[in-house]
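Single-structure report; data block below.
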Amino acid sequence: MMDIQKNILKKYFGYDRFRKGQEEVINSILQGNDTIAIMPTGAGKSLCYQVPAMALSGITVVISPLISLMKDQVDTLNEIGIKSTYINSTLTNLEITERLFDAKDEEYKLVYVAPERLNSGEFLNFLNEAKVSLIAIDEAHCVSQWGHDFRPSYTRISQTIENLNERPIVCAFTATATSEVKDDIKKLLKLRDPNEYISGFDRENLTFSVIRGENTKKFICDFVENNKEQTGIVYTSTRKAAESIYEALINKGHRAGIYHAGLTDEQRSKMQEDFSYDNINVIVATNAFGMGIDKSNVRYVIHNNMPKNMESYYQEAGRAGRDGEKSECILLFNPRDTQTQKFFIEETIHNVERKEYEYRRLQDMIDYCHTSNCLRKSILEYFGEENVDDKCGNCSVCNDNEEKEDITVLAQKIISCVYRMQEKYGAILIAEVLRGSKNQKVLKFGLDKLSTYSIIKEYTVKEIQEIINKLIADDYLVLSQGQYPVVKMNKRSIDVLKGKEQVFMKINKKVKKIANTGN
Ligand code: ADP
Ligand code: ZN
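When we follow full-length UniProt numbering, the leftmost residue of the sequence shown carries the number 1, and every step to the right adds one.
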């Protein structure tokens, strides 16, 4: 069995070995299992159904919403000797009938179709009369309303498969990893006890950094100045911020460009072109920039603001280093970014469930900005990969040689304050109580009477708040969902209180170092 797959890989595709994750997916399919594979764009998903297609006796039907790519894909396959065709609305009825006729005769190993095709009686007849061994569903997240690419026609797929005389193996591919989307894929595509694989998210040549509390405009100007020869992208969360940084760069004499949805189509395509042809070396952009960007030598991606969730961040940061050369991904975090993103959610999302979903994803993003753990590990675990090394040695957390300190006593003080405040308040008020603030709210709620009032003197309210955020990010405390989240305890908080678990953390340099004196 092993040999057949390797032979196909070598014979048709010319590759000597599978990439991480591909072989498991292929084995699962060839053993007859329904399979769900989660891999990012570019990781090599297509091979995971193309190799089985060549190993299985019948036809493989590939359902894909990307009509514009079908012709190219099919042309490429035919060039390497894998007989394939596609059926979609760009063809005449006669052409479709002809192709289906040939497919039934097993002239093709792969038949690509758009999901809309499942509404056609002719195509459904074909499915029943031909020998279909495998149905591969590309961009499977389109079946879920949680994503942003929901396609009603995807919801017909399961029905179509159920109606077949003989059920083929079904495999689903996507780059989206949230558990909500994954559950929808399994449920709505009616996968039967599917094997699940997540792989390919690691980008070894990228160095990840999170930098908090910097003057971002100055940081970016300095960075661009120090990397004049390199090409990069600076992402901002608003047009206004994009314009302000763009102007600062231009004023300093840099060859900069700008890109956001407020520009005319003409201005935007000009910018895109200038960027592609290296007429400019840095482009300041909102998230409107990126679709269809295929520049391989982007050496850095700096985020001036925290994006709305990890998917967006990783997609944007991932535009660096497509050529495999070492590249930098730097996220500049400012606590105001959290407010901006919450504001976006409140303004644009009205469905309650959906709102909670976006808040949860935002919290994962905030946690990434505060974690004391390896950033690469945090990313890969977010996407669901398993057995990730504890340290990558190539991110701002790993690279920072500064030792983590034992802050157990400090953490105990904070946690007991959360407890005394009955898990009803947000991080700022908790920090104010710990610090002994006399502010209105503290006095009004009588919080100055608590035994934990004013027990941390060595840090400012801001610094304490930052430490609370880190405790949340590292799972020593939890934050409730919603617009006004409150800090709550979990099992680990109690272990820390009881002295069963110690807390080690790297305290921000601006914070004075007397964490563990117990006073
Ligand atoms: P995806 O569908 O996941 O976006 P593709 O299937 O288009 O990605 O693959 C991306 C690129 O990686 C293609 O150029 C493909 O030929 C290449 N590739 C896939 N698998 C391998 C492999 N095992 N060895 C080398 N290159 C591979
Ligand atoms: Zn690391």
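Cβ atoms here follow ideal geometry from the backbone N, Cα and C, with glycine treated the same way.
The model shown is predicted, which means the values in this text are computed figures rather than measured ones.
- Collapsing the DSSP output to three states places Leu91 in coil.
- In this structure, Tyr108 and Ser84 form a Cβ contact; the two beta carbons are roughly 6 Å apart against a cut-off of 8 Å.
- For the pair Tyr12 and Ile82, the CB atoms are nearer than the 7 Å cut-off.
- Annotated three-state conformation of Phe18 is coil, per DSSP.
- Scanning its chain for C-beta atoms nearer than 7 Å, with the 5 sequence neighbours on each side dropped, one finds around Ala242 the residues Thr236, Ile258, His260, Val284, Ala285 and Thr286, in chain order.
- For Phe333, the uninterrupted beta strand (DSSP E) segment begins and ends at Ser327 to Phe333.
- Distances taken from the Cβ of Ala43 to the heavy atoms of the ligand ADP include one shorter than 6 Å.
- Looking from the CA of Thr340, the closest CA among Ala317, Asn304 and Ser327 belongs to Asn304.
- Per DSSP, Asn469 is not a residue of any beta strand (DSSP E); the alpha helix (DSSP H) it occupies stretches across Val461 to Ala473.
- Taking a cut-off of 8 Å for Cβ pairs, the region 374-384 and the region 185-195 do not touch, as fewer than three such pairs fall below it.
- The way I'd put it, the region 13-33 doesn't touch the region 157-165; fewer than three beta-carbon pairs between them come closer than 8 Å.
- For Glu225, there is no enclosing beta strand (DSSP E); the residue is part of the alpha helix (DSSP H) that begins and ends at Thr216 to Asn226.
- Scanning its chain for C-beta atoms nearer than 7 Å, with the 5 sequence neighbours on each side dropped, one finds around Ile464 the residues Ala431, Leu434, Arg435 and Ile456, in chain order.
- At a cut-off of 6 Å, the beta-carbon of Ser46 counts as near the ligand ADP: some heavy atom of the ligand is closer than that.
- Any heavy atom of the ligand ZN counts here; residues with a Cβ closer than 5 Å to one of them, in chain order, are Cys374, Arg376, Cys392, Cys395 and Cys398.
- If you ignore the 5 residues before and after Asn205, its C-beta comes within less than 8 Å of the C-beta of Gly321, Gly324, Glu325, Lys326 and Ser327, all in its own chain and listed in chain order.
- Nearest neighbour of Leu77 by Cα position, chosen from Leu56, Arg361 and Val51, turns out to be Val51.
- By a beta-carbon distance limit of 8 Å, Glu116 contacts Ser153. Their separation comes to about 5 Å.
- The region 333-348 and the region 361-370 touch, with three or more beta-carbon pairs separated by less than 8 Å.
- For secondary structure counted as the beta strand (DSSP E) over 3 or more consecutive residues, the UniProt domain "Helicase C-terminal" (219-363) holds these complete runs in sequence order: 231-235, 256-259, 282-285, 298-303 and 327-333.
- Between the ligand ADP and Phe123, a heavy atom-to-CB distance of less than 6 Å is absent.
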